[in-house]
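Protein chains in written order, with our numbering: chain A, 4 to 206; chain B, -17 to 445.
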């Protein structure tokens, strides 16, 4: 099984599955694959390597532990409540897979290794945000999105200044700490972690 | 090195303020140190380009006014004045962080640092939006965090692709994201991913600027935050995001992707003006009305940039500066009204004209936002029309004008409703007693600046 197929299946799991535990496993698989692909490009200089290690420690260790802790304390969070039905989620997965296949054919992107995979991960992150109501799913969606962006940075322009690696690490900090802090604050008002209640702010 | 000092000065000032223990001393120290931080960008004259200097001036001036307003506004019930880490101290440290992050955005010389600054503003403001701790404020903060994180993630993706284009053009990796280096190219046809890269960057930065259809977070965050933070979010943070769009526009033109970029800007601009104008008509809350007005004005700036040319750029710049001060004045006045009446519901704010200076400031600010003379937005909107005529963009111009009429009608209706008539809701205290003169002074200064900017085209200072 190639890493592309592994990521394809994990991305599909993120969107289709409703079990928080299995979605977290799918998320960990994607982040681990991104770490494996991105690691060689960061070994040349100490600063990018430091940010890379910090970012992936947060993504691979801190975030899953924090999510696990939330799930343990809130039985209602064990199931991610999708905003759309299963057939539509399957169609979304098929469309994203097709879009990822088309990315290498875009002029200028064909020579970039893993460009399709990076695009697929970014799109999966966005799709998770759209297809799930659960706030934890939104945190996972943002983390997947930032993983895809990090992978895109490494494969598109491995010689870029450290600002992009710094950005990746910072993105993770923003998403992990503020996101989980706000989820925690919201639990008291909204034990199901359901974003449906946010709709009352619309208009 | 000097630029770094200017950037960190507001945060350092906020931290130093905490060393002053007696409450009165701390308030004085806060204003003096904030004033010192606000004047620091003057040391950069001749060291950074005029666009960065202009935006650094806007950021510093309005952040200083917000600091003064907050000092006056929240002097009553924020508790233990002698403790170092009070809730009030945290508020001002977050405000200082926000201020420093915005300075980083406008003083950066490459897209990596600019992006980092925009991400840092999200860090500080997510806490500030939810600062009251109310469920609705926390929910608004959450929505803000999710949507803006998606936006800045997409912006980073675009920046990465732009870096690829720069490297393919033979730029040194150390300068691959510097707009001054990229802008030296004048390509007749776009390098393949250049249009894609700049379009993705535009979508990312437009999310932070609140342009339709990426605007969903803005009305909630801007209306639920404390009034001075709303002023900074609407007046300055949106301006910083528009600054990022201007820098991206320069790069898109240099890489031969300018036409695509301008068409996208026209689309976002027209959609923002019409959608915001229509939604302003149905708003029942003053701060929410002002928040949608921000979407409308961001749309006007996008439209001006989309029209292109020197006139479009000048119109966009005057509009950004005029709107920054007018919107800050409006949110300051709304904060004064809210502290006096305990409400921002339009149905509960009748008869404000006869209730003191805050109601009159609010009317002035609404007139400024509606584009009436003598305020700067009157001049800038005329210039936008001129830019549209020069560019022969008749459809975009017509649709934009329609949206402007909707927005003006909404502001006029709200102004008449809240300023005239008898009081529906009994105010808890006369305006004269609430709050301190500092807050009123900050609102007056912002409104005066919104009028003074209108004189800029006649000074000969424009490039």
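All C-beta atoms, glycine included, are put in the ideal place defined by N, C-alpha and C.
Note on residue 143 of chain A: 16 or more other CB atoms within 10 angstroms of its CB, so buried under the neighbour-count rule. For residue 146 of chain B, the CB contacts under 7 Å within the same chain, skipping 5 residues up- and downstream, are 175 in chain order. In the pairwise beta carbon analysis, the stretch -13 to -6 of chain B is classified as touching the stretch 16 to 33 of chain B: at least three pairs are separated by under 8 Å. Per the coordinates, the alpha-carbon of residue 206 of chain B lies some 27 Å from the alpha-carbon of residue 0 of chain B. When secondary structure is reduced to three states using DSSP, residue 22 of chain A falls in the strand class.
Residue 239 of chain B carries a coil assignment under DSSP once its states are collapsed to helix, strand and coil. Close to residue 104 of chain A, with beta-carbon spacing below 7 Å, lies no residue of chain B; the smallest spacing is near 17 Å. Closest by C-alpha distance to residue 77 of chain B, out of B:42, B:94, B:96, B:166, is B:42.
Counting along the chain, the unbroken alpha helix (DSSP H) around residue 139 of chain A starts and ends at 138 to 159. Cβ atoms of residue 319 of chain B and residue 341 of chain B come within 8 Å of each other, at about 7 Å. For the beta strand (DSSP E) assignment, the stretch 50 to 122 of chain B encloses no uninterrupted run of at least 3 residues. For residue 267 of chain B, DSSP records a beta bridge to B:327.
When C-alpha distances from residue 132 of chain A are compared across A:46, A:84, A:32, the shortest belongs to A:84. In terms of Cα proximity to residue 361 of chain B, the closest of B:393, B:323, B:303, B:26 is B:303. Taking the C-beta atoms as reference points, residue 167 of chain B is found nearer than 8 Å to residue 236 of chain B.
Between the stretch 151 to 165 of chain A and the stretch 41 to 61 of chain A, the count of C-beta pairs closer than 8 Å reaches three or more; the two stretches touch.
Take residue 47 of chain B, set aside five residues on each side of it, and the residues of its chain with a beta-carbon closer than 7 Å to its own are 310, 424, 427, 428, in chain order.
For the C-beta of residue 148 of chain A, the chain B residues within less than 7 Å are, from N- to C-terminus, 132, 135. Beyond the five residues adjoining it in sequence on each side, residue 92 of chain B comes within less than 6 Å, by CB distance, of 159, 160 in the same chain, given in chain order.
As DSSP reads the structure, residue 82 of chain A sits in a beta bridge with A:22. Annotation for residue 212 of chain B: the continuous alpha helix (DSSP H) segment containing it runs 209 to 214. With the criterion set as a beta carbon lying under 7 Å from some beta carbon of chain B, the members of the stretch 152 to 166 of chain A are 152, 155, 156, 159, 160, 162, 163, 164, 166, in sequence order. Under the 10 Å beta carbon count, residue 104 of chain A is surrounded by fewer than 16 other beta carbons and is classified as exposed. In the structure shown, the three-state DSSP call for residue 48 of chain A is coil. With respect to the 8 Å criterion, residue 121 of chain A and residue 154 of chain A are classified as neighbours on the basis of their beta carbons. In the same chain as residue 136 of chain B, and ignoring 5 residues on each side of it, the C-beta atoms closer than 6 Å to its own belong to 182, 185, 186, in chain order. The C-beta of residue 50 of chain A comes no closer than 8 Å to any C-beta of chain B.
Closer than 8 Å at the C-beta level to chain B, one finds these residues of the stretch 90 to 116 of chain A: 109, 110, 111, 112, 115. Of all alpha-carbon atoms in B:148, B:-15, B:132, the one lying nearest the alpha-carbon of residue 87 of chain B is that of B:-15. C-alpha of residue 357 of chain B to C-alpha of residue 350 of chain B: approximately 5 Å in a straight line. Leaving aside the five residues that flank residue 157 of chain A on each side, the residues in its chain whose CB is nearer than 6 Å to its CB run, in chain order, 41, 44.
By the C-beta density criterion, residue 23 of chain A is buried, having at least 16 other C-beta atoms within 10 angstroms. Per DSSP, the continuous alpha helix (DSSP H) segment holding residue 204 of chain B begins and ends at 199 to 206. Listed along chain B, the residues sitting closer than 9 Å to residue 125 of chain A by beta-carbon distance are 135, 136, 139. At least 8 Å separates the beta-carbon of residue 82 of chain B from that of residue 153 of chain B.
When the beta-carbon positions are compared, residue 32 of chain B and residue 129 of chain B stay at least 8 Å from each other.
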